[in-house]
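Written out below as structure tokens is the structure these notes cover.
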Amino acid sequence: MSRSVVIGVDKGTSSLKSIAVDLATGELVAECGARTPSFYPTAGRHEEDPEKTWATVASTIRAVVGELEPSTSIVAIGVTGHMGGLWALGADGEPVGRAICWPDARAAGILDEAGDRGHLDALFAISGNALIPGTPYPLLAWMKRAEPDRYHAIRHFFMAKDYVNYRLTGVVATEESDLSFAPCDFRGRRKSEEFFTAFGIEEMSTRLPTVGVSDGLLGTVSPEASAETGLPVGTPVCAGTGDATANMIGIGAAHDGQAVTTIGTSLMNGTSTDHPLLEPAGVGFGFLMPENRWQRQITNSGGGTLCLDWVINTFCPAEVDRITRGATTLGDVVRDFARTAEPGCRGLVFHPYLNTAGATAPFLDVNARGSFVDLRGDTTPAELVRAVMEGTALSVRDCYAAMPVQINEIRLTGGGARSVEWSQIIADVLQKTIVAPDVPESGALGAAMLAAVATGQYPDLDSVTTCLVRPGRVHEPDPSTAALYDDAFAVYRAVLEPLREVWAATADIDQLSPA
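According to this note's numbering, the residues represented by the sequence shown are 23 to 537, in order.
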């Protein structure tokens, strides 16, 4: 019996993945991943060669298609990719130099100048985005100043997944989610001329291509793309979406009262609403979702697995040695420590700000650093490890408390979500239901789900989510820990204000320290 599949592609910053998903059951039929070919010409620069990136994407699609039975019907393909950055085409349809990726910092001075002119607060009020240097408008302003010939050669600019779609179809276009991180008029869901004016790039307003909806059809696979990918000519191509949106869709959290927390190096916390949400002001990002919804995301950039790796590597040498020798695993070490220490760790509280960027949510403080409060002479390594896990959960609670919406269920993704103990700690600290769906590639799955809706295989996101997203583990909060963690959260927040004075003082000391 033949089966029908939909292809999903996630063009990530450091890696990319293509998958084929059974259209009826959500079964992962085939997958192929590869490293994203990136270049770092100087400090603070992050670039890609568009041709090499396309060749790598095409090879993973071809590998997936090659794994399918000959009778398999490929219904459609959807693409997601990292947001921000600058991918530009000239009049001949060829890339205008290398693509610039979102972590690139070359336009930091441009943003500083915009801040000095008082533009950033006003631009946040329009877009719901705290601008970073690696977004299109600051990058274009930098290019106009530093590489004017290249700047004036641009006829179209868009994002990473848009370039993949262009190579699949020959169609130059973008869609709402990537437009929103350019950024745009968040409430009006349209391009904002204020950004082009603020950055002195007015002529680029006409170079932004047609903006479609994420769950709409963009075009079909061209003969050239078919030869490179193995996809049949004429396969429908969905407009797709940025990775933040695709992850939320792929993990099944695009409804009121649901949220997604990604426990990676950073702690990314996002929710979807039927109205634009811009709180907390000046912090985080706003993305446009399909079906006339809005996404709000705020991220503690140094509060995730970075903290757990640090505490184990620093304070648990015996366990690190056993992990290195293959006698145990990091997951087993974390499990055993979390079970050994009591909830609340006898009052030990950890603030998870280990990234050099400081605190990025729910407030901004570049001087913020991590700290333990209430250390004792008999504090154990197990308590240090569990306190770090609880501290990250307290940071998640702090982020959601800053969003004026009711959150009932949080879905976890990222490497930390594999830990049963960490997931339960988050459920207890927040007193919320935590779900860890059985979705290994939420971004690629989200892109595939949009393609299924775009081609009419499912009428809407609700129906495709029911069929293709597998629930996985569910962690209900332990009510007996509610009072304990309410007290811990009160301490966590009470200490923050005096800590900010300490951070400012230690930053001065750091600047005076010999190199």
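All residues carry an ideal CB built from backbone N, CA and C; glycine is no exception.
Fair warning: this is a prediction, and the values are worked out from it, not measured in the lab.
Item	Value
Rounded to a whole number of angstroms, what is the C-alpha to C-alpha distance between Ala-85 and Arg-57?	15 Å
Within 10 angstroms of the Cβ of His-297, are there 16 or more other Cβ atoms? Answer buried if so, exposed if not.	exposed
Name the DSSP bridge partner or partners of Lys-183?	Partner(s): none; Lys-183 has no beta bridge.
Alpha carbon to alpha carbon, how far is Gly-55 from Ser-244?	23 Å
Taking only runs of the alpha helix (DSSP H) that begin and end inside the stretch 47 to 89, which ones reach a length of at least 4 residues, in chain order?	72 to 89
Taking DSSP as the reference, what is the three-state secondary structure of Val-461?	coil
In the stretch 343 to 396, which residue ranges form an unbroken beta strand (DSSP E) of at least 3 residues, counting only runs that do not cross its ends?	371 to 373 and 393 to 395
When you compare the stretch 292 to 309 with the stretch 484 to 503, are there three or more beta-carbon pairs, one atom per stretch, that lie closer than 8 Å?	no
According to DSSP, Met-311 sits in a beta bridge with which residue or residues?	Arg-315
At the 8 Å Cβ level, is Arg-347 part of the contact set with chain C, yes or no?	No chain C is present in this structure, which holds just one protein chain.
Where does the unbroken beta strand (DSSP E) through His-497 begin, and where does it stop?	495 to 497
For the alpha helix (DSSP H) holding Cys-206, just list the boundary residues, first then last.	That residue, Cys-206, is in no alpha helix (DSSP H); it is neither H nor E in DSSP.
Kindly list the residues whose CB is nearer than 7 Å to the CB of Trp-164, restricted to its own chain and excluding five residues on each side of it in sequence; keep chain order.	Arg-128, Ala-129 and Ile-132
Taking the alpha carbon of Glu-246 as the point to measure from, which residue in Asp-508, Ala-80 and Glu-519 has its own alpha carbon closest?	Ala-80
Please indicate yes or no: does the CB of His-277 lie closer than 7 Å to some heavy atom of the ligand NAP?	The ligand NAP is not part of this structure, which contains no ligands at all.
Can you tell me which of the three DSSP states Gly-137 falls into?	helix
Ignore the nearest five residues each way along the sequence and tell me which others in Phe-394's own chain have a CB closer than 6 Å to its CB.	Phe-372
Assign Val-27 to one of two classes, buried (16 or more other C-beta atoms within 10 Å of its C-beta) or exposed (fewer than that).	buried
Leaving out the 5 sequence neighbours to the left and right, which residues in its chain are closer than 8 Å to Ser-37 when beta-carbon positions are compared?	Gly-55, Ala-56, Arg-57 and Thr-58
If you measure between the beta carbons of Ser-417 and Asn-269, is that distance less than 8 Å?	no
Tell me which same chain residues have a C-beta within less than 8 Å of the C-beta of Pro-125, skipping the five on either side of it?	Thr-35, His-68 and Gly-156
Going by C-alpha distance, which of Arg-391, Ala-476, Gln-446 and Ala-510 is nearest Ala-527?	Arg-391
Give the single residue among Ser-464, Ser-60 and Phe-203 whose Cα lies nearest to the Cα of Gly-306.	Phe-203
Nearest CA to the CA of Arg-139: which residue from Thr-219, Gly-192 and Asp-200?	Thr-219
Sorted by chain position, which residues of the same chain lie with C-beta nearer than 6 Å to Pro-312's C-beta, five sequence neighbours on each side aside?	Ser-236 and Asp-237
In three-state DSSP terms, what is Gln-446?	helix
One question on the structure: do Val-407 and Ala-360 come within less than 8 Å of each other, judged by their Cβ atoms?	yes
May I have the straight-line CA-CA distance separating Glu-364 from Leu-386, to the nearest angstrom?	32 Å
So Arg-541 and Trp-109 are supposed to be a Cβ contact under 8 Å. How far apart are they, rounded?	Residue 541 lies beyond the residue range present for the chain, which begins at 23 and ends at 537; the question has no answer from this structure.
Just to confirm, are Ser-60 and Ile-273 a CB contact at a threshold of 8 Å?	no
Counting only the same chain and skipping the five closest in sequence on each side, list residues whose C-beta sits under 8 Å from that of Gly-252.	Ile-83, Arg-84, Val-87 and Gly-88
Grab me the residues of Gly-192's own chain with a C-beta within less than 6 Å of its C-beta, minus the 5 sequence neighbours each way, in chain order.	Ser-244
Can you tell which of Ala-409, Pro-426, Ala-424 and Asp-460 has the C-alpha that lies nearest to the C-alpha of Leu-434?	Asp-460
Cβ of Lys-39 within 8 Å of Cβ of Glu-53?	yes
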